[in-house]
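Protein sequences, first through last, are from chains Z, Y and F.
Going by this note's numbering, the first sequence opens with residue 255, and the numbers climb by one from there.
Going by this note's numbering, the second sequence opens with residue 5, and the numbers climb by one from there.
Going by this note's numbering, the third sequence opens with residue 1197, and the numbers climb by one from there.
The C-beta atom is built at its ideal place from N, Cα and C for all residues, glycine as well.
On a predicted model such as this, the values are computed, not experimentally measured, just so you know.
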Amino acid sequence: MLAFALGVVLLRNPVSCAMSLVMSFVALAAVFITLDAYFIAVVQVLVYAGAVMVLFLFIIMLLDLREEKRRRVRLSAWVGGGLVVGGFLAALIQVISALPALKVTKPLVSHPLANDVAQVGFALFRNFNLPFQIIGVLLLVSTVGVVLLSKKELK
Amino acid sequence: MPTLAHYLIVSGILFSIGLGGVLLRRNILIIFMGLELMLNAANLSLVAFSRFNLLADGMPNYNAQVLVFFIITVAAAEVAVGLAIIVALFRAKQTTHVEDLNTLKF
Amino acid sequence: MSTQTAPWIILFTPLVSAVLILLLGKFSKTLSASLALLAAITGCVLSWWLFNQPIEGKMLSINWLTLGPELNLTIGVTLDHLSKVMLLVVTSISVLVFTYSLGYMRDEEGYSRFFAGLSLFLFSMLGIVLADNFVMMFIFWELVGVSSYILIGHYYSKDSAADAGKQAFIVNRIGDFGFMLGILLLWFGTGTVIFSQLIESIPGLSTAPIYLTVACVLVFMGTIGKSAQMPLHVWLPNSMEGPTPVSSLLHAATMVAAGVYMLARIFPILEVVPAAREIIAWIGGITCFAAALMATQQSDIKRILAYSTISQLGYMVLGIGVAPTSDVAMFHLFTHACFKCLLFLAAGSVMIAMHHEVDMWHMGGLRKKTPVTMFCFFAGMLALAGCPYTSGFFSKDLIIEWAVVKIPFLGWLVAAAAGLTAFYIFREFFVIFFGKARSEHAEHAKEQPFSMLLPMLVLSVLAIVAGFPFIQDHLFKLARPEHELVPHLLHPLLYAMFFGGAGVATVLYLKAQKDPISIPLFANRLYIDNVYFWFVKNIQGGGATFLSWADRWVVDLLIVQIPSKLTWACGFALRFLQLGNIQAYAFFFGAGVVGILYILISK
């Protein structure tokens, strides 16, 4: 998965980047399955790999992007970016290695009714019903927004 | 056996790859894909925590998975709107190169 | 009606009338006039009643303000012999002048405003008379100044009137500055401002005579301002811009006398500081003589009387300085109120007959046209000049006697001034009423209505008889100097002054068409006005210019320019963060997040 992620960032051709991204999403779904999060894994493949990436590819096709031409690289940009990324990683590793509580292995789930789809459903519709409805409104709003933004100017 | 620390480090590396993409690539669509990578990294860490922190009765804490569900939904909406904006920009400027979008300066 | 409540009624009735006139005056002119007159008559009747009552018990005193443990300000009333006599003077003269104003102001603009101002003035003056402590007196002192400003500037559309009002108030303020310093010194030394307590604690202070002298001289500065002594006399002639009733009431009989009244109030304190009394006497004497000189060359009928007032006030102040009791000066105050008020009212009557002409060289021959006015003027003139057996003779004579005994130079100086007094007032009389008419208006002058003549006639009687011995002893407790100490020359000299002055004036002015003598020094009022003008223009103007420079270059630069330029510079520097490059923004973002992470980790 990490290899595919690197591919996204480093490849030249935008279509190749998009395909790498799809593969990284699928790999991530596999990781979710190892964590016994079946529902999330399926949703990931359906929504992300299925819908979002298709949208990406459509836009790439619409804009008719070519391979990126090599432009003069600016050293300051690379240094800055490298610093930020490096700093973040260093902080992360420092934190994680300092906490022994994180070095536990996956515990056994002992509850007989541990069915994650059902449980997620329960949590979603009982405890988080209001946010669920609001998410629906959000999707509506974004649809309207997209339509508005894509209008051609009427001459 | 992968420990929680392993999952978190993977999530961190994924996040930094996405961050590097945002900072270093010059095509706006690739930047957007980097953004998606970052979101996914967050999802991974959330699911890992959900599985490893068991509630008192032995069940994983599914609230985190609900949050992941919301994140995925919101990311989808955001991609839609963001791509619409990019299309509009492309129509105005005929370029996807990020350094050409620099008129909002002093 | 008891002696406890009567003074408060006297005090507050004019205030109530002033407020009512302000509120209701625009509906009816007669209403305003009647309210004012009613207030004055109430005060007069109650004053006469109070005069004959014995005062028992302590007077009511209201606690007004307590500033810390050291100062307790009260509003209280004091009714001793001095204030009772002064009440009589103030209220009676007010009644007469208010009556006169009915006729005088009949055709003038601002009728109701005038009577409201007069009522306010009466309230303030009564406050000074009845005050039982210095602070209350100072408050009413300032109120009197305000009323004077309002009334002098009654014809506010005339520049000269507005300027005169301003000058009166400002010059008074200079005196009041010293007055306040004196009050503060006295309070600091004794811990109280109430007159009776101050007087009681004086023996304790006589171990520090210089302190007490300085305090008394500073308090006297208030009198210099209010009673128009040299060098703060310049406002009084200009205050003649106000209507004549104002000139007669305020600037002849009552307000200017307030300075003398105040000195009489603190007379027991002055008795222990002979140095201060000498200063007071000298200033009074010099004022008297110099003002008499200036009066001999003026040609405005009211201004001659104004300088005469300054001169007579000099006599009163001199009286405070040399006589052993304050009643000597108060006696002259009383007689002066009568005859000077009369002279002003007569001058006002002449002015109305001449359609507001004030230059006496445009008048003449009025004795056939306005005989009653002439008779009244004649009576007042005799009293002023010191004609034997008129009221002015008795009071002035007494002061000159004491002056000659105590400070001979001053005594002879003011005796000479008495001769000058006779001279200038006869000069005025002859030029106005005798000779041939010198202008159109003089041809057609006629007598004034009865409401104006009646007060003048009453005052004429008073001017003649008010000095007679039986009245003297009823009202005042006078003391005469030892018979041997008074030079024998004095009394014949005073007679000679009167007749001599009158005679010279007769010879020169009986048939004169224009002034035969011309002395520019006196006509230009000893050039004192020019000195003031130069001072204000150059010294004060210079100070103002310096301050404006300092404001522009020091204050403005440091406090205004520097922060503004600094802010602009900061803004300019921060502009360069707006790069327009998205990735630059993202970089700043990420860097910030990483920074925060590190801060959190290191905790």
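Where does the unbroken beta strand (DSSP E) through residue i begin, and where does it stop?
i	result
Leu1263/F	Ser1257 to Leu1263
Asn1268/F	Leu1267 to Gly1272
Any C-beta of chain Y sitting closer than 8 Å to the C-beta of residue i?
i	result
Ile1792/F	no
Gly1786/F	yes
Gln298/Z	yes
Val269/Z	no
Gln373/Z	yes
Leu392/Z	yes
Val276/Z	no
Ala291/Z	yes
What in chain Y is Cβ-close to residue i, meaning under 8 Å?
i	result
Phe1742/F	What Phe1742/F touches in chain Y: nothing, since even the nearest Cβ is about 45 Å away.
Tyr302/Z	Glu40, Asn44, Ile76, Ala79 and Ala80
Leu378/Z	Val70 and Phe73
Ile287/Z	Chain Y residues near Ile287/Z: none, gap ~10 Å exceeds 8 Å.
Leu319/Z	Asn31, Leu33 and Thr100
Listing by chain order, which chain Y residues have their CB less than 9 Å from the CB of residue i?
i	result
Ala1782/F	Leu23, Val26, Leu27 and Ile35
Gly237/Z	An answer regarding residue 237/Z cannot be provided, because it is not within the stretch 255 to 409 covered by chain Z.
Leu256/Z	Val14, Ile17, Leu18 and Ile21
Leu309/Z	Ala80, Val83, Ala84 and Leu87
What is the residue span of the alpha helix (DSSP H) that residue i lies within?
i	result
Ile1735/F	Segment: none, Ile1735/F is in no alpha helix (DSSP H) and carries neither H nor E.
Ser1228/F	Lys1225 to Phe1247
Glu103/Y	Segment: none, Glu103/Y is in no alpha helix (DSSP H) and carries neither H nor E.
Leu1466/F	Phe1463 to Leu1466
Phe1589/F	Ser1587 to Lys1602
Gln348/Z	Leu329 to Ala352
Leu1539/F	Asp1523 to Ala1549
Glu284/Z	Correcting the residue identity first, residue 284/Z is Ala in this sequence and not Glu. Per DSSP, Ala284/Z belongs to the alpha helix (DSSP H) from Pro268 to Thr288.
Ile1795/F	Ile1778 to Ser1798
Lys1565/F	Leu1562 to Lys1565
His1427/F	Residue 1427/F is actually Pro in this sequence, not His. Run containing Pro1427/F: none; DSSP gives neither H nor E here.
Ile34/Y	Ile32 to Phe56
Asp1669/F	Pro1665 to Leu1671
Asn369/Z	Segment: none, Asn369/Z is in no alpha helix (DSSP H) and carries neither H nor E.
Asp1372/F	Asp1355 to Thr1386
Glu1474/F	Pro1470 to Ala1491
Phe1330/F	Phe1330 to Ile1348
Would you please verify whether the beta carbon of residue i is less than 8 Å from any beta carbon of chain Z?
i	result
Leu41/Y	yes
Gln1779/F	yes
Ala96/Y	no
Ser20/Y	yes
What residues of chain Z sit near residue i, judged by a beta carbon separation below 9 Å?
i	result
Ile1797/F	Ala345, Gln348, Val349 and Ala352
Just mark residue i as buried or exposed, buried being the case when its beta carbon has 16 or more other beta carbons within 10 Å.
i	result
Asn267/Z	exposed
Ala1477/F	buried
Arg95/Y	exposed
Leu414/Z	For residue 414/Z there is no data in the structure shown, the boundaries of chain Z being 255 and 409.
Arg1721/F	buried
Tyr1781/F	exposed
Phe1619/F	buried
Gly1738/F	exposed
Tyr1723/F	exposed
Answer yes or no: the CB of residue i versus the heavy atoms of the ligand PLP, is any distance below 7 Å?
i	result
Val1727/F	With respect to the ligand PLP, the structure offers nothing, as it holds no ligand at all.
Examine chain F for any beta-carbon lying closer than 8 Å to the beta-carbon of residue i, and answer yes or no.
i	result
Val263/Z	no
Val102/Y	yes
Ala331/Z	yes
Gly341/Z	yes
Val306/Z	no
Val338/Z	yes
Chain F partners of residue i, CB-CB under 9 Å?
i	result
Phe279/Z	The premise fails here: Phe279/Z is roughly 23 Å from chain F at the closest Cβ pair, so nothing lies under 9 Å.
For residue i, go through chain F and note every residue whose CB falls closer than 8 Å to its CB, in chain order.
i	result
Val259/Z	What sits at residue 259/Z in the sequence shown is Ala, not Val. Within chain F, no residue comes near Ala259/Z; the closest Cβ sits about 17 Å away, beyond 8 Å.
Quick one: which chain Z residues come within Cβ less than 8 Å of residue i?
i	result
Ala46/Y	Neighbours of Ala46/Y on chain Z: none; closest Cβ ~12 Å, over 8 Å.
- Message: Runs of 4 residues minimum, wholly inside the stretch 1613-1700 of chain F: which ones carry the alpha helix (DSSP H) assignment?
- Response: 1636-1639, 1646-1661 and 1665-1671
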